[in-house]
Structures are given as structure tokens and as C-alpha cells.
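In the numbering used here, the protein residues as written are 81 to 374.
Rendered as C-alpha cells:
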């Protein structure tokens, strides 16, 4: 019988079937908490330090005091991987406000809940990287940056979930959200890039796009490879008429987009720059200097 995954919850490990939190946890009741998605490749946890730092920054923004240090949190992530004997994994690190009452007052939550899950993830079918995915422009606008800060990786993903539901109903793989001004923002859980005349463009974070760790690494990688990379506002017209389009994200890695709103992107196959970035990124994530060994 295959051994169950071990899930970390508040200092102890539980088999997946027994890993439970209170129904009074405000992470469940109100989406009050923060999280990070992290990847391990060949025994290296890619950009773990950066993910831990962003987790603590998100928590600071919502005035959630994480009860362990960054160093301790790093060790918890690594130990969870060791417990599960995993060298390749998707790690979900969650900190909720903790158990309170049915009111939303955070003062009623004396102790945050810390959860670490190490598992696998597959957002798309195996052929997605070879053939690309289909997408659509969603009617769901990204929350404006003067509302809940887009830079917080919070547990409240309703904005993205509504866009994903729309994609499901429309029978496409992904949805692309616009900002309040009608400019391209990002995918439901990914940053978006376009390639035009050999140059790479991505929307700036002030559109409401999350400043993604993977996106940042892809931008630096592209620059090292000699490509010009710029942040700029992108219109739907520019998106539809791009030579190449691709998503980036921790779970998605780099995913080509072949079609948007039934319009083929160029000839409807992943372009040469996207394919080169995918190949080089696959090497980068396995470079011991780019992460923390398990």
C-alpha cells in the first residue's frame, strides 16, 4: 500500500487523510491568510529564499505576525520534503489568521495556523507545452490596485476563480484578465508575456498583475540571452497580433498560448523565443545556485 503524503500543520505531521483544520479557522471563513506556491526540482527548491521573503511581506501587509522566523519556515519546508522523500514537488505554504469565532475580528484569532503541503501539480495536459494552450479575454476585471493590494498573495482568489469558471464554460484552457482601463493584466494565476518583432513585453505591476517570482526570473533569463524585455501597457489588439504569447508561473512554469478568443497567435504553434526560454528555464530551475538543496 502506498504511503500517504505527510502534511505539516502547526508543528506536527499528519497523513493526508487526517490533515484537517478547524472550521473556525479564519483562513476558511474569510480567506484571511497568505500563501506561496514553490517548486522543487532534482532536490533543489527553486528560489526558496525569495518565496519565503514574499510570504513574510504579504503577511506584514495584512498585519499577520507569523510565529516563526524565516529560517525556521525554510527548515519546515525542507523537512516536509524530506518526510515525503520528495526531490521533485510542488509545495504549498499557507499561513492563516488562525482559529477565531464567527465574527471577522482578527483580534479573536490568538495564533496563526501554518500549513505546508508537498505534492505534485499539473495545471494542463502533458501536450500543453508542445502545442500551447487556448485562452480567452475574461469579463472579470482584475481588482484595482487601490483596493486590496495585488502584491499580497492572499487566500482570497475569488477574482481568479470567477475568470477560471468563465474559461471552463467557454471550453478554453485559460482566462486572461484586463485591468479597469481595458489593458491586459495577467492570467488567472500566471503572468503573461507577448513577443513582437523579437522583443518581449509584459504588463507592469500597476495594472494589478502580481510581481511574479517566475516572471522576474524569466525576464532576467531573456535579457541574458540577448533579448530586449520591457514592461508596458498591452492592448487586446497588441495581444491578438503578437508573434508569440506565453504565461509564466511557479506551477505553470512557461506555457505557450496558441489561440485567444478563437484567434490564432501567429501560426498557432509555440514560437522560437518561447521555446528557447522554456528550454533554458528548465536548466535554470535545476541549477543548485538558484535554490536551496533539500
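We put the beta carbon where it would ideally sit given N, CA and C, even for glycine.
Run through the segment 328-362 for me and flag every whole beta strand (DSSP E) of 3 or more residues, listed as ranges in chain order.
Every beta strand (DSSP E) of 3 residues or more that sits fully in the segment 328-362 is shown, in chain order, as 333-340.
Are three or more beta carbon pairs between the segment 168-187 and the segment 135-148 nearer than 8 Å?
yes
By the DSSP assignment, the beta strand (DSSP E) with residue 86 in it spans what residues?
Taking the chain shown and counting its residues from 1, the one referred to as residue 86 is at position 6. Its beta strand (DSSP E) spans residues 86-89.
Based on Cα-Cα distance, which residue from 330, 284, 196 and 348 lies nearest to residue 126?
In the chain shown, counting from the first residue as 1, residue 126 sits at position 46. Ranking the options by Cα distance to residue 126, first place goes to 330.
Here's the rule I'm using: 16 or more other beta-carbon atoms within 10 Å means buried, otherwise exposed. How should residue 124 be labelled?
Sequence index remark: in the chain shown, residue 124 carries index 44 (1-based). It is buried - the Cβ of residue 124 has at least 16 other Cβ atoms within 10 Å.
Measure the Cβ-Cβ separation of residue 353 and residue 275 and say whether it is below 8 Å.
In the chain shown, counting from the first residue as 1, residue 353 sits at position 273. In the chain shown, counting from the first residue as 1, residue 275 sits at position 195. Yes; because the gap between Cβ atoms is below 8 Å, this pair is in contact.
Within 10 angstroms of the Cβ of residue 140, are there 16 or more other Cβ atoms? Answer buried if so, exposed if not.
To locate residue 140, count along the chain shown from 1; it is residue 60. With fewer than 16 other Cβ atoms within 10 Å, it is exposed.
For residue 92, does the count of other Cβ atoms within 10 angstroms reach 16, so buried, or fall short, so exposed?
Within the chain shown, residue 92 is the residue found at index 12, counting from 1. By the 10 Å Cβ count, residue 92 comes out exposed.
What is the residue span of the beta strand (DSSP E) that residue 310 lies within?
Start at 1 with the first residue of the chain shown, and residue 310 comes out as number 230. Counting along the chain, the beta strand (DSSP E) containing residue 310 begins and ends at 309-311.
Cα-Cα separation between residue 361 and residue 334, rounded to whole angstroms
Numbered from 1 along the chain shown, position 281 holds the residue referred to as residue 361. Numbered from 1 along the chain shown, position 254 holds the residue referred to as residue 334. One C-alpha to the other measures close to 8 Å.
On the DSSP letters alone, give me the boundaries of the alpha helix (DSSP H) that residue 134 sits inside.
Numbered from its first residue, the chain shown carries residue 134 at position 54. Element bounds for residue 134: 128-141.
If you drop the 5 nearest sequence neighbours on each side, which residues of the same chain put their C-beta closer than 6 Å to that of residue 160?
As a first step, residue 160 must be located in the chain shown, where it is residue number 80. For residue 160, same chain residues with a beta-carbon under 6 Å away, outside a window of 5 residues either side, are 88, 196 and 198 in chain order.
Going along the chain, which residues of its own chain have a beta-carbon closer than 6 Å to the beta-carbon of residue 372, five neighbours each way excluded?
The residue you call residue 372 lines up with position 292 of the chain shown. These residues qualify, in order along the chain: 125 and 128.
Quick one: which unbroken alpha helix (DSSP H) runs of 4-plus residues sit fully inside the segment 199-285? Chain order, please.
208-211 and 238-249
Where residue 95 falls: helix, strand or coil (DSSP):
Within the chain shown, residue 95 is the residue found at index 15, counting from 1. Looking at residue 95 - three-state DSSP - the assignment turns out to be strand.
Three-state secondary structure assigned by DSSP to residue 167:
Here residue 167 refers to the residue found at position 87 of the chain shown. Looking at residue 167 - three-state DSSP - the assignment turns out to be coil, as it is neither helix nor strand.
Under DSSP, the alpha helix (DSSP H) around residue 375 begins and ends at which residues?
Nothing about residue 375 can be reported from this structure: the residues present for the chain run from 81 to 374 only.
Output the boundary residues of the beta strand (DSSP E) element that contains residue 298.
One-based indexing of the chain shown puts residue 298 at position 218. Run containing residue 298: none in the beta strand (DSSP E); it sits in the alpha helix (DSSP H), 293-304.
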